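Contents: one structure, followed by commentary.
In the numbering used here, the protein residues as written are 2 to 242.
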């Protein structure tokens with residue numbers, strides 16, 4: 002099966018690190034494709050819609066060349082896009098792996114922890130690119146950040162800059178997102194981190210309980226679970242693949 006990987010707010014395919022390569026090595030019977038959201042990565046010149054459904058429609062266009070059925074692996078806002086896609090096109094989406102994502106089924110203080118809001122605002126207002134990327138890493142990861150990783154993220158932003166207009170549109174889209182209340186889409190596995198300092202892991206639990214999906218929780222990784230606990234994520238992927 003073809004799997005499509007979707008990153009979160011203002012992030013792009015390069016922020017996966019070597020996850021797609023390691024997935025391909027570990028699961029050679031599948032193919033893995035990193036697709037950028039509009040306004041990021043290879044699509045950084047595209048305007049971002051201000052709704053998850055609008056972003057999802059663009060991503061569907063970007064991925065139209067990939068044969069179905071497909072599996073979707075989404076992190077954070079990428080998980081919202083994946084879930085919306087599964088509900089909009091159930092005949093194409095066969096499986097979901099949603100990581101540290103949230104939805105309008107959860108209260109706002111779970112979707113963004115109160116302590117994270119002021120830190121995220123400080124990141125958004127910080128004028129220098131280097132300072133912003135450093136703070137994003139500090140907010141999303143619970144591990145020591147190697148200088149090489151910090152330099153790589155800064156280079157990504159310099160090469161394919163995400164505009165403030167894109168960031169604002171994505172913020173609006175994520176804040177307003179609420180899945181359709183109907184039948185559960187596809188088969189799914191949810192992964193969450195109790196150490197996530199942005200999104201409370203109860204958001205994943207809420208989705209899991211609503212549609213009787215399995216949920217697996219990492220004890221100390223941060224919001225960027227694939228970066229903090231790559232081996233653990235790869236081990237969980239086998240259950241849904």
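Note that beta-carbon positions come from the ideal geometry of N, C-alpha and C, so glycine has one too.
Being a predicted model, the structure only gives us computed values, none of them experimental.
Option nearest residue i by Cα separation, candidates the options
i: residue 190; options: 181, 136 and 98; result: 98
i: residue 79; options: 219, 55 and 188; result: 55
i: residue 12; options: 102, 40, 182 and 117; result: 40
i: residue 228; options: 194, 95, 160 and 32; result: 194
i: residue 112; options: 50, 176 and 226; result: 176
i: residue 62; options: 72, 51, 44 and 211; result: 44
i: residue 184; options: 67, 168 and 88; result: 88
i: residue 182; options: 106, 22, 18 and 52; result: 106
i: residue 42; options: 31, 9 and 27; result: 9
i: residue 221; options: 239, 192 and 210; result: 192
Where the beta strand (DSSP E) containing residue i begins and where it ends
i: residue 1; result: Any property of residue 1 remains undetermined from this structure, which presents the chain solely from 2 to 242.
i: residue 163; result: Unbroken run through residue 163: none, as it is neither H nor E.
i: residue 218; result: 216–219
i: residue 133; result: Taken as a continuous stretch (DSSP letters only), residue 133 belongs to no beta strand (DSSP E), being part of the alpha helix (DSSP H) at 130–141.
Buried versus exposed, by CB contacts within 10 Å (16 or more), residue i
i: residue 14; result: buried
i: residue 119; result: exposed
i: residue 236; result: exposed
i: residue 187; result: buried
Rounded distance between the beta-carbons of residue j and residue i, thought under 8 Å
i: residue 104; j: residue 216; result: Not a contact, Cβ separation roughly 14 Å.
i: residue 74; j: residue 86; result: That pair is no contact at about 12 Å.
i: residue 50; j: residue 170; result: 7 Å
Straight-line gap, residue i to residue j (C-alpha atoms, nearest Å)
i: residue 33; j: residue 131; result: 30 Å
i: residue 37; j: residue 117; result: 25 Å
i: residue 70; j: residue 206; result: 27 Å
i: residue 139; j: residue 76; result: 17 Å
i: residue 142; j: residue 225; result: 6 Å
i: residue 92; j: residue 47; result: 28 Å
i: residue 242; j: residue 66; result: 21 Å
Residue i, enclosing alpha helix (DSSP H) - first and last residue
i: residue 12; result: Here residue 12 belongs to no alpha helix (DSSP H), and DSSP marks it neither H nor E.
i: residue 203; result: 203–212
i: residue 236; result: 231–241
i: residue 34; result: Careful: residue 34 lies outside any alpha helix (DSSP H), inside the beta strand (DSSP E) at 32–35.
i: residue 46; result: Segment: none, residue 46 is in no alpha helix (DSSP H) and carries neither H nor E.
i: residue 24; result: 20–27
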